[in-house]
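What follows is a set of notes on a single structure, which appears directly below.
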Amino acid sequence: MSSDAETKAEAARTRSAWLLSMPALVVLVFAASGPLLIVLTYSFLTPGQYGNVVWDFDLSGWIGILYTKDIFDGTWGLADAHLSIFWRSVKLSLLTTAITFVVGFPTAWFIATRPPAQRAFWLFLITIPFWTNLLIRTVAINEVIRNEGLLNTFLIWLGVISEPIRIIYTDTAVLIGMAYVYLPLMVLPLFAAIDRFDMRLLEAGYDLYASRWRVLRRVILPIVKPGIIAGSILVFVPSLGAYVTPRVLGGGKNMMIGNFIELQFGQGRNWPLGAALSMTLLVVVMVALLVYVRAANKESTPHG
Amino acid sequence: MKKFLSVTAVLLASTSFAAAEGELQLYNWGNYTSPELLTKFEAETGIKVTVTDYDSNTSALAKVEAGGSGFDLVVPSANYIPIWIEKGLIVELDAAKLANKGNIAPEWVNVDWDMGRKFSVPWQWGSVGVAVNTSVYKGDINTSDVFLRVPEELKGKINVVPEMTDVLNMAIFNVGGEACTEDTEVLKKVRDLVLEAKKDWLSMDYGATEKLSNNDWAASVNWNGSTMRARLANPDVAFGYPKEGYPLFMDSIAILSDAKNVDNAYKFIDFIMIPENAAMISAFARYANGIAGSAEFMPEEMKTAPEVVAPAEHAAAGRFLPTCSQKSQECLTAIWTELQK
Amino acid sequence: MADRSFEVARLPGFKFIAITAFVLLYLPIITLVVYSFNGGQSVAVWEGFSLDWYGKAWDNEAVKGATIRSLIIAASASAIATTVATMAALGTTRRKAFKGQTFIYVMINQPLMVPEIVTAVALLIFFASIKVATGYNGLIYLIIAHAAFCIPFAYLPIRARLEGMDLTLETAAADLYASHWRTFRRVTLPLMLPGIIAGAMLAFVISLDDVVITEFVKSGGQDTLPTYMLGQMRRAVTPEVNAISTVLLALTVVLLTAFFLLTRKKN
Numbered sequence: 038m039s040s041d042a043e044t045k046a047e048a049a050r051t052r053s054a055w056l057l058s059m060p061a062l063v064v065l066v067f068a069a070s071g072p073l074l075i076v077l078t079y080s081f082l083t084p085g086q087y088g089n090v091v092w093d094f095d096l097s098g099w100i101g102i103l104y105t106k107d108i109f110d111g112t113w114g115l116a117d118a119h120l121s122i123f124w125r126s127v128k129l130s131l132l133t134t135a136i137t138f139v140v141g142f143p144t145a146w147f148i149a150t151r152p153p154a155q156r157a158f159w160l161f162l163i164t165i166p167f168w169t170n171l172l173i174r175t176v177a178i179n180e181v182i183r184n185e186g187l188l189n190t191f192l193i194w195l196g197v198i199s200e201p202i203r204i205i206y207t208d209t210a211v212l213i214g215m216a217y218v219y220l221p222l223m224v225l226p227l228f229a230a231i232d233r234f235d236m237r238l239l240e241a242g243y244d245l246y247a248s249r250w251r252v253l254r255r256v257i258l259p260i261v262k263p264g265i266i267a268g269s270i271l272v273f274v275p276s277l278g279a280y281v282t283p284r285v286l287g288g289g290k291n292m293m294i295g296n297f298i299e300l301q302f303g304q305g306r307n308w309p310l311g312a313a314l315s316m317t318l319l320v321v322v323m324v325a326l327l328v329y330v331r332a333a334n335k336e337s338t339p340h341g
Numbered sequence: 004m005k006k007f008l009s010v011t012a013v014l015l016a017s018t019s020f021a022a023a024e025g026e027l028q029l030y031n032w033g034n035y036t037s038p039e040l041l042t043k044f045e046a047e048t049g050i051k052v053t054v055t056d057y058d059s060n061t062s063a064l065a066k067v068e069a070g071g072s073g074f075d076l077v078v079p080s081a082n083y084i085p086i087w088i089e090k091g092l093i094v095e096l097d098a099a100k101l102a103n104k105g106n107i108a109p110e111w112v113n114v115d116w117d118m119g120r121k122f123s124v125p126w127q128w129g130s131v132g133v134a135v136n137t138s139v140y141k142g143d144i145n146t147s148d149v150f151l152r153v154p155e156e157l158k159g160k161i162n163v164v165p166e167m168t169d170v171l172n173m174a175i176f177n178v179g180g181e182a183c184t185e186d187t188e189v190l191k192k193v194r195d196l197v198l199e200a201k202k203d204w205l206s207m208d209y210g211a212t213e214k215l216s217n218n219d220w221a222a223s224v225n226w227n228g229s230t231m232r233a234r235l236a237n238p239d240v241a242f243g244y245p246k247e248g249y250p251l252f253m254d255s256i257a258i259l260s261d262a263k264n265v266d267n268a269y270k271f272i273d274f275i276m277i278p279e280n281a282a283m284i285s286a287f288a289r290y291a292n293g294i295a296g297s298a299e300f301m302p303e304e305m306k307t308a309p310e311v312v313a314p315a316e317h318a319a320a321g322r323f324l325p326t327c328s329q330k331s332q333e334c335l336t337a338i339w340t341e342l343q344k
Numbered sequence: 305m306a307d308r309s310f311e312v313a314r315l316p317g318f319k320f321i322a323i324t325a326f327v328l329l330y331l332p333i334i335t336l337v338v339y340s341f342n343g344g345q346s347v348a349v350w351e352g353f354s355l356d357w358y359g360k361a362w363d364n365e366a367v368k369g370a371t372i373r374s375l376i377i378a379a380s381a382s383a384i385a386t387t388v389a390t391m392a393a394l395g396t397t398r399r400k401a402f403k404g405q406t407f408i409y410v411m412i413n414q415p416l417m418v419p420e421i422v423t424a425v426a427l428l429i430f431f432a433s434i435k436v437a438t439g440y441n442g443l444i445y446l447i448i449a450h451a452a453f454c455i456p457f458a459y460l461p462i463r464a465r466l467e468g469m470d471l472t473l474e475t476a477a478a479d480l481y482a483s484h485w486r487t488f489r490r491v492t493l494p495l496m497l498p499g500i501i502a503g504a505m506l507a508f509v510i511s512l513d514d515v516v517i518t519e520f521v522k523s524g525g526q527d528t529l530p531t532y533m534l535g536q537m538r539r540a541v542t543p544e545v546n547a548i549s550t551v552l553l554a555l556t557v558v559l560l561t562a563f564f565l566l567t568r569k570k571n
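Residue numbers (my numbering), protein chains in the order written: chain A, 38 to 341; chain B, 4 to 344; chain C, 305 to 571.
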């Protein structure tokens with residue numbers, strides 16, 4: 038086979054690869070990636086009086102992310118309210134990731150260390166909540182933590198408290214909701230990593246008289262790190278952009294970025310700001326994903 | 004492959020039944036349309052009405068303005084109707100198609116926001132005040148201080164509905180100003196007042212009828228009819244008329260300019276101007292309506308209910324809100340945006 | 305030896321946390337299901353077993369319409385997504401790296417990475433202008449939007465299946481002078497089928513579950529089951545919502561069980 042024929046065959050293969058992928062790409066460009074460009078454009082326009090936009094170039098959408106003009110004296114100042122929403126989103130997302138990790142790691146370990154016959158069953162059990170409608174799961178949590186819900190009724194019945202503890206409509210409620218909703222997303226990648234872990238390394242560790250805690254810290258965690266990173270990203274990214282959970286459990290007061298963006302397209306009537314915020318969220322997410330990819334690639338390089 | 008294509012074709016065809024005969028898309032406030040009314044309408048005309056809910060004037064306006072909403076009818080509040088008219092979002096009604104137009108009660112025909120009822124027909128009207136669970140708070144509930152300077156017992160238990168003009172104008176009245184004021188001194192006071200009060204609010208959400216009934220909320224800024232429904236489910240709930248001044252509202256039904264089922268829309272509007280049907284609407288949501296002769300068809304408990312018939316000492320404080328000027332609207336919106344964060 | 309490895313693998317407290325996690329995961333869901341059979345009006349007070357709410361949900365016109373719409377959209381979107389994903393999978397797997405491969409991967413997986421609210425907002429703006437320009441308001445917008453974000457979910461199982469497939473059968477067919485198309489139809493496709501069906505089912509479930517994108521893209525009277533529930537939750541939180549949720553849950557469980565069984569058959 039001459040190299041000429043090889044390159045021609047190569048080109049033909051590339052062409053067929055692209056042709057076969059074309060329909061998928063068309064759908065995606067039309068209904069997923071393409072519209073993102075529109076959002077970018079809108080972020081540079083002027084807000085209309087009752088929503089929508091006026092086609093005049095305006096940076097107020099981008100400036101509005103961090104700064105607001107005082108309505109009475111016209112001075113520009115740092116938008117405290119915006120910052121508190123961003124901070125709340127980041128804080129809650131990080132906390133959610135931490136909680137799901139602390140709870141999810143033992144769970145994943147547990148599943149991975151079951152006898153192979155049982156393992157599929159446990160996996161199935163953890164997958165059901167994962168595929169259950171997000172709204173259903175949020176409603177379910179609401180019914181547990183609301184004033185007349187399961188938790189309060191149980192505690193009152195026990196006599197521990199006399200008045201219901203108000204959890205609903207607080208940051209805590211949103212946190213509980215998100216941890217509940219995203220737990221399976223942490224468990225599954227962790228399970229995948231632990232599943233590949235060679236248990237004999239543990240034996241070696243114990244043979245060397247290491248304590249269980251030490252073995253955990255020095256042997257297990259470093260090796261399953263790619264799974265930890267994957268799980269963390271899979272939880273952090275959706276929590277940052279969460280919309281349904283804070284809306285249902287936050288009562289309209291404890292907004293996260295997702296709700297704040299929605300507000301701009303509804304009562305807030307500032308589409309360019311909403312568009313700018315969306316782009317910012319996208320960038321933050323991309324950065325987080327890049328971090329993941331770099332970290333994952335670093336792990337796959339063999340060490341001596 | 005062929006099978007797949009034919010199935011897709013059938014599906015696509017079925018999705019274009021949107022503008023078929025016998026359909027009507029009504030965009031209305033939540034919990035505001037009597038299901039019995041719709042059943043009766045369908046039985047008489049064969050037209051199926053689908054209701055989509057909205058919870059505030061601003062979100063309804065935003066949704067329709069975005070375009071392509073697919074609705075035929077909308078029911079905005081009085082102070083917003085001029086905005087809808089100005090933006091060309093609703094059409095001037097063809098009086099020839101509305102045989103029952105004479106049924107509109109005389110006092111509601113020549114209203115400031117729609118002289119001679121060229122664009123809209125009354126749906127229901129009422130007042131905005133505060134609904135309080137009297138077993139939680141036993142003090143005076145006829146004041147907007149209930150949500151603006153929240154009493155101890157209600158701190159962290161009171162909700163405020165996210166309806167901008169009603170809430171902010173009540174705040175303006177509370178500090179002694181005029182509705183839709185442009186006075187920056189007054190507006191500054193209002194802004195500081197609401198931002199401070201927000202710390203004691205539980206939430207800014209809808210659904211007062213249910214949440215007051217099942218004690219999720221101990222109090223809320225609320226509409227009178229919704230409060231009456233809550234009281235019927237939970238007798239501790241009472242409606243307070245803020246003495247500093249409270250808004251009266253009237254919602255009227257109008258036809259959208261990009262409506263697809265225009266003839267059906269006219270039939271519906273004509274239908275609700277019949278006194279019995281208007282009474283049906285009122286019986287469901289518990290608000291008064293603007294159609295003459297409907298009183299005899301209204302349920303007994305509404306004729307004497309304190310929420311529907313304002314006690315004499317409070318009636319004077321109720322006033323209809325004008326449509327705010329551009330400047331005033333901008334200031335209110337800015338305060339509101341501050342508040343919503 | 306097997307015994308020893310389990311002893312070795314035991315870490316203190318982990319089993320307890322794991323079991324607790326499972327209990328906590330299912331407790332709210334079970335509460336939800338149990339209360340759907342509640343005879344009373346409130347979602348908190350138990351008033352005897354009854355199927356009333358299922359009946360009410362069944363009679364509710366809005367629920368029926370929303371259910372049918374959800375099913376139509378899910379079926380159509382899943383069909384479209386699976387078809388294009390199958391083609392894309394065939395194009396991108398089992399070959400040496402080619403130019404632009406990373407780009408195609410990124411594009412296909414992009415719905416997984418972009419936050420839903422951002423896509424929802426983008427589609428709101430984009431489709432609204434098309435709706436105004438064409439005056440057409442059908443379900444097609446929702447179907448296309450769903451198809452787009454279902455593509456990665458259909459793609460991944462198909463690709464996994466394809467990669468795990470033994471090439472020898474196809475080579476054998478080629479040796480027997482079968483044309484490419486024939487080989488594809490008679491050998492490759494049947495072998496891929498479990499993966500394709502798994503992908504289709506995953507896409508179906510994902511579409512059925514979507515809330516955010518549907519909420520933003522829908523026009524008047526186009527509620528799907530989740531958006532209907534979202535609307536209901538802002539006002540009357542009656543056990544009707546529980547009943548609908550339980551039915552949806554049951555459907556998901558059935559589909560998932562089938563999916564699990566199908567993907568285990570690959571031995």
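From the three backbone atoms N, C-alpha and C, an ideal C-beta is built for every residue, glycine too.
These figures come from a predicted structure and were not determined experimentally.
Around the beta carbon of residue 230/B, a 10 Å sphere encloses 16 or more other beta carbons of the protein chains shown; the residue is thus reported as buried. Among the residues of chain A, none has a CB under 7 Å from the CB of residue 374/C; the nearest is roughly 11 Å distant. The closest CA to that of residue 270/A, considering only 219/A, 174/A, 258/A, 304/A, is found on 219/A.
Membership of residue 241/B in any alpha helix (DSSP H) is not indicated; the residue belongs instead to the beta strand (DSSP E) covering 240–243. Secondary structure note for residue 268/A: its alpha helix (DSSP H) is the uninterrupted segment 262–277.
Excluding five sequence positions before and after residue 247/A, none of the CB atoms of its chain fall closer than 6 Å to its own CB. At a cut-off of 3 residues, not a single continuous stretch assigned as beta strand (DSSP E) sits fully inside the region 73–116 of chain B. For residue 65/B, the closest Cβ of chain A is nearer than 8 Å. Using a CB distance below 8 Å, the part of the region 441–453 of chain C facing chain B consists of 441, 442, 443, 444, 447, ordered along the chain. Here residue 200/A is exposed: its Cβ has fewer than 16 other Cβ atoms, across all protein chains shown, within 10 Å.
Cα atoms of residue 98/A and residue 261/B: separation of roughly 30 Å, rounded to the nearest angstrom. Residue 76/A has a beta carbon lying within less than 8 Å of a beta carbon in chain C. When DSSP states are grouped into helix, strand and coil, residue 70/A belongs to the helix group. Residue 254/B counts as buried, since at least 16 other C-beta atoms from the protein chains shown sit within 10 angstroms of its C-beta. Look at residue 165/B: its C-beta is under 8 Å from a C-beta on chain A.
Secondary structure of residue 189/A (DSSP, three-state): helix. For chain B, the residues of the region 523–536 of chain C that bring a beta carbon within less than 7 Å of one of its beta carbons are 523, 524, 525, 535, in chain order.
Where residue 130/B is concerned, there is no enclosing alpha helix (DSSP H), although the beta strand (DSSP E) around it starts and stops at 124–136. Distance between residue 91/A and residue 425/C, taken at the CA atoms: about 17 Å. For residue 431/C, the residues of chain B that pass the 9 Å Cβ criterion are 71, in the order they occur in the chain. In the DSSP assignment, residue 321/B falls within the beta strand (DSSP E) that extends over 321–323.
Each residue's CA atom was taken as its position, placing residue 71/B and residue 265/B some 16 Å apart.
The beta carbons of residue 563/C and residue 464/C sit no closer together than 8 Å. Secondary structure note for residue 340/B: its alpha helix (DSSP H) is the uninterrupted segment 329–343.
Interface annotation for the region 272–295 of chain A against chain C: 274, 275, 277, 278, 279, 280, 281, 284, 285, 294, 295, criterion Cβ-Cβ distance under 9 Å. Contacts with chain B at 8 Å (Cβ-Cβ) do not include residue 125/A. Runs of alpha helix (DSSP H) with 4 or more residues, each lying fully within the region 208–263 of chain B, are found at 211–216, 227–236, listed in chain order. Exposed is the label assigned to residue 202/A, since fewer than 16 other Cβ atoms lie within 10 Å of its Cβ. Between residue 332/C and residue 178/A, the beta carbon gap of about 5 Å places them in contact (Cβ cut-off 8 Å). Secondary structure note for residue 155/A: it is in no beta strand (DSSP E), and the uninterrupted alpha helix (DSSP H) holding it is 153–168.
Contact annotation: residue 205/B and residue 226/B have beta-carbon atoms that are not nearer than 8 Å. Collapsing the DSSP output to three states places residue 163/B in coil.
Collapsing the DSSP output to three states places residue 505/C in a helix.
For the region 196–219 of chain B, the set of residues with a beta-carbon nearer than 9 Å to any beta-carbon of chain A comprises 201, 204, 205, 206, 207, 208, 209, 217, 218, 219, in chain order.
By the Cβ test, the region 146–165 of chain A is in contact with the region 321–329 of chain C, since at least three Cβ pairs between them sit closer than 8 Å.
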